[in-house]
Amino acid sequence: MKMKYLFSIIFLLSFLCENLKAQNLDHKNIIKPIQTLFEGMEKNDSSMVRKVFSEDISFLTVSRDKNIKTFLKAGDVQQFLNTIGSPKEVALREVISNIKVQVDGDFASVWCDYSFYLGKEFHHCGIDQFLLINSDTGWKIRQIVDTRRTENCNQ
61 MKMKYLFSII FLLSFLCENL KAQNLDHKNI IKPIQTLFEG MEKNDSSMVR KVFSEDISFL
121 TVSRDKNIKT FLKAGDVQQF LNTIGSPKEV ALREVISNIK VQVDGDFASV WCDYSFYLGK
181 EFHHCGIDQF LLINSDTGWK IRQIVDTRRT ENCNQ
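Residue numbering for the sequence shown follows our numbering, starting at 61 and increasing by one per position.
Encoded structure:
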């Protein structure tokens, strides 16, 4: 009886470990296009950045107007890519932390804190939220929503 119980526990633990390994691998594959985005930004490589976007990528920033009314500001993808590809004196560097990944089949959401730097100088921080779709060529970023602030930042 004890041996049967022991084998059941061992089987259950091995099953759970295999599931965790698969989930970690999936999370790494989901986060990879985000890491490539930031690598491309730092290297001024707009083609590297473009490759991780879906065809219908959209950017949104949560902002406030003069009256402190919250609104969403849509970003221009081509303008973003032009900015990335333009020569700069300092690199654009974004550091993410506190990463949370949620997945349902071919759809994933990544939520993370970020700090943005111009070269080595801190510029702002906030939250990035990425929606990704698993396409024929791998995970692609479909939407980026961010907040931006200069206070209460962990640099």
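Note that beta-carbon positions come from the ideal geometry of N, C-alpha and C, so glycine has one too. This one's a predicted model, so the numbers in the text were calculated from it and none came from an experiment.
Query, Result
"Cβ-Cβ distance between R153 and H184 below 8 Å", "no"
"Alpha-carbon to alpha-carbon, V137 and K81", "Note that K81 scores a pLDDT of 37, beneath 50, so its modelled location is shaky and nothing firm can be said."
"Whether V170 touches L192 by CB criterion (8 Å)", "yes"
"Selected residue, minimal CA-CA separation from D143, among I91, D164 and K103", "Here residue 143 turns out to be Thr, not Asp, going by the sequence shown. The shortest Cα separation from T143 among I91, D164 and K103 belongs to K103."
"Reference R124, options S118, L132 and I117, closest by Cα", "L132"
"heavy atom of the ligand ZN below 7 Å from D105 C-beta", "Annotation note on the ligand ZN: not contained in the displayed structure, which lists no ligands."
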